[in-house]
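So in the UniProt record's numbering the end of the sequence shown lands on 266, straight run, no missing numbers.
Ideal placement from N, C-alpha and C gives every residue a C-beta, glycine not left out.
Since the structure comes first, as structure tokens, the remarks are kept for the end.
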Amino acid sequence: MGSRIFYSLIALLIITTGTVFAQEPLISVQTDDNHYDEGDTVVVSGNVKTVIGETPVILQLFTEGNLVDIAQLTVAQDGSFTKTFLAEGALWKKSGDYTIVASYQEHQIETEFSYAPKSEAIETTEPYEVDAGSHGTFDVEYTIKGGTVKNMVVDSDIFAVIVQIDATDEGTITLDLPREFIGAEKQDGKDDTFIILIDGIEVAYQESVVNSDSRVITINFEQGDSDIEIIGTYVVPEFGTIAMVVLIVGIMATVIVTRNKLQIKI
């Protein structure tokens with residue numbers, strides 16, 4: 001009885017071990033992103049577990065069953081390989097899913113990514129009415145690619161405009177910031193740099209246009225990003241239109257009271 005149990009356990013161990021080894025592919029492959037737009041660089045990398053002499057890895061790129069590109073790669077001594085494809089040209093016209101097939105001897109593995117040509121890239125350009133609380137509202141012209149703008153609000157405590165986005169893909173947003181309501185200035189009145197935070201992390205930005213009325217900045221974002229904070233040295237100046245009216249009314253009231261007092265004394 002004991003022998004039967006022993007041999008049964010040995011057989012089970014062999015089957016289990018064989019299954020584990022069978023589940024481990026000899027070759028792996030992946031891309032550096034899940035989506036690309038026309039003009040992007042597709043970086044493909046992978047690894048083979050066992051290097052077999054000078055056997056190359058064959059990469060084939062397909063969409064809807066049509067061959068888009070093919071490459072033969074030399075495998076490094078550590079089993080790694082890499083290849084870049086430029087996503088443009090006559091064969092990169094269709095949007096949708098693209099499949100990379102990596103072959104090493106009789107072994108194959110696949111990975112997919114999505115692609116969109118420029119003609120189908122969604123880009124939105126329109127003004128957004130920003131709520132400035134007691135100061136009313138003001139418009140910010142913007143262009144966004146790779147997502148949509150959900151809201152823009154003022155945070156006067158940190159001198160910021162916060163842009164809330166739904167980033168369905170990596171993309172960019174360009175904002176035309178009116179100097180009357182938000183700006184970044186040095187003590188001498190010259191332009192200073194904005195501080196840009198995306199979900200609490202500081203990022204760089206590009207400034208393309210600077211004029212007397214506004215500053216135009218462009219910010220890159222990643223898929224899944226949500227809050228973009230544009231922090232300056234002022235936002236909705238304390239003495240805006242409403243505050244100025246209140247100030248003038250207060251000065252006029254003070255003048256009238258002063259005159260009345262003088263007349264009473266006389």
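What does a CB cutoff of less than 6 Å around residue i pick up in its chain, not counting 5 residues either side in sequence?
i	result
Q223	A167, D169, E170
residue 268	Past the edges of the chain, shown from 1 to 266, lies residue 268, and the structure says nothing about it.
residue 297	As displayed, the chain neither begins before 1 nor continues past 266, which places residue 297 out of reach and without an answer.
H107	L26, I27
Select from the options the residue whose C-alpha is nearest the C-alpha of residue i.
i	options	result
E126	A116, S212, K150, Q105	K150
S103	V203, T218, I70	I70
A90	N66, F81, E106	N66
G53	I219, Q105, V68	Q105
L175	V140, S226, I158, L197	V140
M152	V161, I144, G146	V161
T143	D191, N220, F81	N220
Q206	D199, V236, T218	T218
L26	E110, T63, G136, Y128	E110
V51	S28, G133, G79, G147	G79
K145	S134, T124, G136	T124
Y128	I158, D155, Q164	Q164
Which term fits residue i, buried or exposed, when burial requires 16 or more other beta carbons within 10 angstroms of its beta carbon?
i	result
L59	buried
A76	exposed
I230	buried
S208	exposed
K93	exposed
V236	buried
D225	buried
K49	exposed
I198	buried
K83	buried
A204	exposed
G147	buried
S134	exposed
For residue i, collect the residues of the same chain with a Cβ closer than 8 Å to its Cβ; drop the 5 residues on either side in sequence, then sort them by chain order.
i	result
N112	In the sequence on display, residue 112 carries Glu and not Asn. Cβ neighbours of E112 beyond the five flanking positions: D97, Y98, T99, I100.
residue 286	Because the chain is modelled from 1 through 266, residue 286 falls outside the range shown and cannot be assessed.
R179	S212, D213, S214, R215
Return the bridge partner residues of residue i from the DSSP annotation.
i	result
Y128	V140
E123	K145
G171	F221
L91	Answer is none; L91 lacks a bridge partner.
T82	S45
G183	Y234
V163	M152, I228
F113	Y98
To which residues of the same chain is residue i closer than 7 Å at the C-beta, ignoring the five residues directly before and after it?
i	result
M244	Because the pLDDT of M244 is 43, which lies under 50, any placement of that residue in the model is unreliable, and the number read from its coordinates should be weighed accordingly. Here the set comprises nothing.
S95	Y115, A116, P117, E120
I195	E202, I231
F159	I231, G232, T233, Y234, V235
*Any chance the segment 80-95 sits against the segment 40-47, with 3 or more Cβ pairs inside 8 Å?*
yes
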